[in-house]
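These notes concern the structure reproduced below.
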Amino acid sequence: MGDLTDTLTTPPTTHSRPLPVREDCWSEDATSTLIDAWGRRYLELNRGNLRQKDWQDVADAVNALHGHTKKTHRTDVQCKNRIDTIKKKYKIEKARVSSSDGNIVSSWTFFERLDTLIGSNVSAKKLPPQPSPSLSPSPPVAVPIYYKKTTPSPSTTIVALPQKRPAPAMDEGFSRRNYSAMAAAAAASAEDDVEDEDEEEEEERESEEVEEREGMRRLARAIERFGEVYERVEREKVRQMVELEKQRMQFAKDLEVQRMNMFMDTQVQLERIKHGKRSRSNGWSFDLRGCSVCGIRQMYLTS
561 MGDLTDTLTT
571 PPTTHSRPLP
581 VREDCWSEDA
591 TSTLIDAWGR
601 RYLELNRGNL
611 RQKDWQDVAD
621 AVNALHGHTK
631 KTHRTDVQCK
641 NRIDTIKKKY
651 KIEKARVSSS
661 DGNIVSSWTF
671 FERLDTLIGS
681 NVSAKKLPPQ
691 PSPSLSPSPP
701 VAVPIYYKKT
711 TPSPSTTIVA
721 LPQKRPAPAM
731 DEGFSRRNYS
741 AMAAAAAASA
751 EDDVEDEDEE
761 EEEERESEEV
771 EEREGMRRLA
781 RAIERFGEVY
791 ERVEREKVRQ
801 MVELEKQRMQ
811 FAKDLEVQRM
821 NMFMDTQVQL
831 ERIKHGKRSR
841 SNGWSFDLRG
851 CSVCGIRQMY
861 LTS
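See below:
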């Protein structure tokens with residue numbers, strides 16, 4: 561019995577080490593306010609699970625008294641995680657107290673309050689096997705039966721008493737073994753519940769990470785599409801600028817050619833006029849073609 565008690569009391573020491581780290585973030589007063597706010601909403605929902613809106617109301621109640629600074633301001637997620645931590649600690653304390661056969665009383669401040677909120681289901685499950693050891697050895701049960709059965713016939717009392725006297729000795733040892741087994745089962749179930757809650761939290765974190773990765777992929781695809789559209793617009797802009805530059809250069813070239821043609825035609829006409837006047841005054845005849853060639857040559861020399 562002593563070995564079983566030692567084995568049952570050792571797990572709480574290993575699980576209770578990381579709990580003081582959370583106490584640095586949550587003061588005892590803030591934790592008490594959190595338990596009060598959560599307990600009221602928990603009972604209003606008939607001991608059902610709280611929704612996100614309910615957790616937000618709990619966080620508002622805590623912040624109204626203790627959230628005066630940015631460090632002490634709590635969110636609904638922080639309140640839910642704190643309640644989960646308190647539940648785990650309560651289950652470990654409950655298993656430790658149950659395995660001690662009533663020799664150990666929990667010194668945890670919030671044990672009694674948590675026991676009234678979430679301990680009723682556990683106590684209800686343990687009630688059926690406990691009446692047999694507690695009621696059978698108690699004398700108050702036998703006394704009313706004895707007084708009731710003395711009046712009809714003494715034989716009934718003789719038959720009833722031997723049936724109840726040997727039962728306590730047998731039931732007491734059997735009940736202690738059952739109680740120890742129940743305590744071990746309670747401790748195992750508490751550890752299983754803690755593991756299940758850890759698995760649920762791990763699954764929630766994994767689902768959040770998957771959603772975050774999916775959101776990042778969507779954002780990357782959107783940025784990639786935007787880059788492709790921007791690249792096409794810039795490429796089209798450069799192409800249009802090149803086309804405009806080509807058209808401008810061609811227009812300047814055509815304009816220069818037209819200007820040169822007009823200049824050459826003007827020079828030819830002037831040379832013709834000059835040579836015509838000279839030929840009439842001197843009586844000489846000149847070839848207009850030769851004059852035009854001379855005029856063009858002179859134009860290139862002067863230009």
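Those letters in the sequence shown? Residues 561 to 863, by our numbering.
Virtual Cβ for every residue (Gly too), placed ideally from N, Cα, C.
Rounded Cβ spacing between residue i and residue j (contact assumed at less than 8 Å)
i, j, result
"V618", "C585", "Not a contact, Cβ separation roughly 16 Å."
"L605", "I643", "That belief does not hold up - the Cβ atoms of L605 and I643 are roughly 14 Å apart, past 8 Å."
"L677", "G599", "5 Å"
"A746", "S658", "5 Å"
Beta-carbon contacts of residue i that lie in its chain and below 6 Å, excluding the five residues immediately before and after
i, result
"D614", "R601"
"W668", "E653"
"R808", "none"
"A624", "none"
"E772", "none"
"E759", "none"
Neighbour-count burial assignment, residue i, 16 or more Cβ in a 10 Å radius
i, result
"S587", "exposed"
"D636", "buried"
"L830", "exposed"
"L815", "exposed"
"L869", "Because the chain is modelled from 561 through 863, residue 869 falls outside the range shown and cannot be assessed."
"K797", "exposed"
"P572", "Note that P572 scores a pLDDT of 46, beneath 50, so its modelled location is shaky; the value from the coordinates is reported in the next line. P572 should be labelled buried."
"L804", "exposed"
"K651", "buried"
"R785", "exposed"
"L610", "buried"
"A812", "exposed"
"A782", "exposed"
"E768", "exposed"
Own chain partners of residue i with C-beta closer than 7 Å, once the 5 adjacent residues on each side are dropped
i, result
"V622", "A590, T593, L594, A597, R634 and C639"
"R631", "It is Lys, not Arg, that sits at residue 631 in the sequence shown. So no residue of the chain qualifies."
"Q616", "D636"
"D620", "none"
Residues near residue i by beta carbon distance below 8 Å, same chain, minus five either side
i, result
"Q612", "D636"
"F670", "T591, S592, I595, I646 and Y650"
"V665", "V657"
"R795", "none"
"E761", "D644"
Near the ligand MG: residue i beta-carbon under 7 Å from a heavy atom
i, result
"D589", "With respect to small molecules bound, the structure shown includes none, and the ligand MG cannot be examined in it."
Query raised in the report: Does the stretch 646-660 touch the stretch 750-769, meaning 3 or more C-beta pairs lie closer than 8 Å?
Result: yes
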